[in-house]
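Read the structure below first, then the notes.
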Amino acid sequence: MSEAPRRGWTAWTEEIPARTMLDMPPDLSKKVVNFLSALALEVGGAIDRDRQPPGDPMEPMDDLGGRYSLQIPGEPVVFEYLVLRRKREIRIPVLVWFR
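When the sequence shown is numbered by this note's numbering, its final residue is 92 and no position is left out of the sequence of numbers.
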């Protein structure tokens, strides 16, 4: 019996952070979306290799996941993300844009 292929990791943004991104200038919003998409791949690679994902840990990692904070380099944007191992997803519940 063969094992089903593992799907990639995705990023999910909660409603309030998504609204914040819509209020940003288009070029900044695009940078944030691209950063979060790339972050999902980086986090997934780290988790799949039993390594620490990027960012500052806010909650200890367990079998289900963990919580981290991170600033987008060079941009006035700080966010928190949750690692959801079973869903192979990062979820962004908090995103702060310093105007």
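Note that the Cβ used here is the ideal one computed from N, Cα and C, for glycine as well.
What residues in its chain sit with their C-beta under 8 Å from that of residue i, if we drop five residues either side in the sequence?
i	result
alanine -3	Only weak support exists for where alanine -3 lies, its pLDDT of 49 falling under 50; the value from the coordinates is given anyway. If we look at alanine -3 and ignore the five residues flanking it on each side, it has no Cβ neighbours.
If we call anything under 8 Å between Cβ atoms a contact, is residue i one with residue j?
i	j	result
alanine 100	alanine 33	Any question about residue 100 goes unanswered here, given that the chain covers just -6 to 92.
aspartate 49	tyrosine 61	yes
glutamate 8	arginine 84	no
Suppose the cutoff is 6 Å on Cβ atoms and the five residues either side in sequence are ignored; what does the same chain contact list for residue i look like?
i	result
methionine -6	Confidence at methionine -6 is low in this model, with a pLDDT of 46, below 50, so its placement is unreliable and the value that follows should be read with caution. Taken in chain order, the list of residues that qualify is empty.
Residue i: which of the options sits nearest, CA to CA?
i	options	result
glutamate 52	Val26, Lys23, Val76 and Lys24	Val76
proline 47	Leu63, Asp56 and Leu57	Leu63
leucine 88	Val71, Arg78, Glu82 and Arg81	Val71
glycine 1	Leu15, Val36, Gly58 and Pro18	Val36
Report back the beta-carbon spacing between residue i and residue j to the nearest angstrom; my notes put them in contact at under 8 Å.
i	j	result
glutamate 68	leucine 29	With 8 Å as the limit, glutamate 68 and leucine 29 do not qualify as a contact, their Cβ atoms being about 12 Å apart.
arginine 92	aspartate 56	With a Cβ gap of about 39 Å, arginine 92 and aspartate 56 do not count as contacting.
Can you give the Cα-Cα distance for residue i and residue j, rounded to whole angstroms?
i	j	result
leucine 15	tyrosine 74	18 Å
aspartate 41	isoleucine 65	23 Å
proline 86	alanine 31	17 Å
valine 26	alanine 39	20 Å
tryptophan 90	proline 19	13 Å
lysine 80	glycine 58	10 Å
lysine 23	glutamate 82	20 Å
glutamate 54	methionine 17	Reading the sequence as shown, one finds methionine at residue 54 and not glutamate. Roughly 32 Å separates the two Cα atoms.
threonine 13	glutamine 45	28 Å
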